[in-house]
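Okay, so here's the structure we're looking at.
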Amino acid sequence: MSSSRVAVEDLDAGMHADPDAVNVLFVCLGNICRSPMAEGAFRRTVQQLGFKNKFRRIDSCGTASYHSGERPDPRTIQLLAKHGIHTSHLARQLATSDFNDFDYILAMDDANLRDITSAQPKGSKAKVMLFGNFGDNKREQVQDPYYGGQAGFDKNYLQIVRFTKGFLREVFGAEADE
Ligand code: 4NP
Numbered sequence: 001m002s003s004s005r006v007a008v009e010d011l012d013a014g015m016h017a018d019p020d021a022v023n024v025l026f027v028c029l030g031n032i033c034r035s036p037m038a039e040g041a042f043r044r045t046v047q048q049l050g051f052k053n054k055f056r057r058i059d060s061c062g063t064a065s066y067h068s069g070e071r072p073d074p075r076t077i078q079l080l081a082k083h084g085i086h087t088s089h090l091a092r093q094l095a096t097s098d099f100n101d102f103d104y105i106l107a108m109d110d111a112n113l114r115d116i117t118s119a120q121p122k123g124s125k126a127k128v129m130l131f132g133n134f135g136d137n138k139r140e141q142v143q144d145p146y147y148g149g150q151a152g153f154d155k156n157y158l159q160i161v162r163f164t165k166g167f168l169r170e171v172f173g174a175e176a177d178e
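Okay, so the sequence shown: first residue is 1 according to our numbering, each after it adds one.
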């Protein structure tokens, strides 16, 4: 592994996390394209910007179970590799326990947001939001790239990095300029 490569597992142990560190879960439909991409890119970006200690767990899952146990789509693996990010994620479906295990549950699109919200137990701690809430227009969708070409994946990645910086700014008051 070259020095610029970051193993996505590096942040999982949470061994050096601040006492007020948060857990973040990214959710799409299948957990093979957008949300594992978001998990890897978010982890990498917070590490690069020096916010690693602000997070204990960063994970992803899908609202559906079609692809449970599978590796991410080859186009996501390739896109992440192009940016020096390795992923060993295996797809899983959203679980009821996630609503108390995670502080933020971030949906890729409005359909994901509706499905997550309707599964949320009353009184559970997670803040469920559209990830695009941390973008410029607040309602930005990370569109499903599954049936499209590579361009959709490239667009998703740029949005995810932008929203990650928005998240760091809004939640931690970070100076994370574009
Ligand atoms: P994702 O993309 O929700 O970004 O993982 C999809 C993956 C698979 C399917 C749909 C979307 N599918 O219909 O199998």
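Glycine included, C-beta positions come from ideal geometry on N, C-alpha and C.
Contact test: Cys-33 Cβ vs ligand 1 heavy atom, cutoff 7 Å: yes
Residue interval of the beta strand (DSSP E) (run including Asn-23): 22 to 28
Distance cut-off 7 Å: Leu-29 Cβ against heavy atoms of ligand 1: yes
Tyr-104 beta carbon near ligand 1 (any heavy atom closer than 7 Å): no
Phe-57 vs Asn-23 beta-carbon contact at 8 Å: The identity of residue 57 in the sequence shown is Arg, whereas the question assumes Phe. Contact: yes.
Pairwise C-alpha distance: Val-128 and Lys-52: 22 Å
Check: Asp-144 C-beta below 7 Å from any heavy atom of ligand 1: yes
heavy atom of ligand 1 below 7 Å from Tyr-157 C-beta: no
Three-state secondary structure (DSSP) of Lys-155: helix
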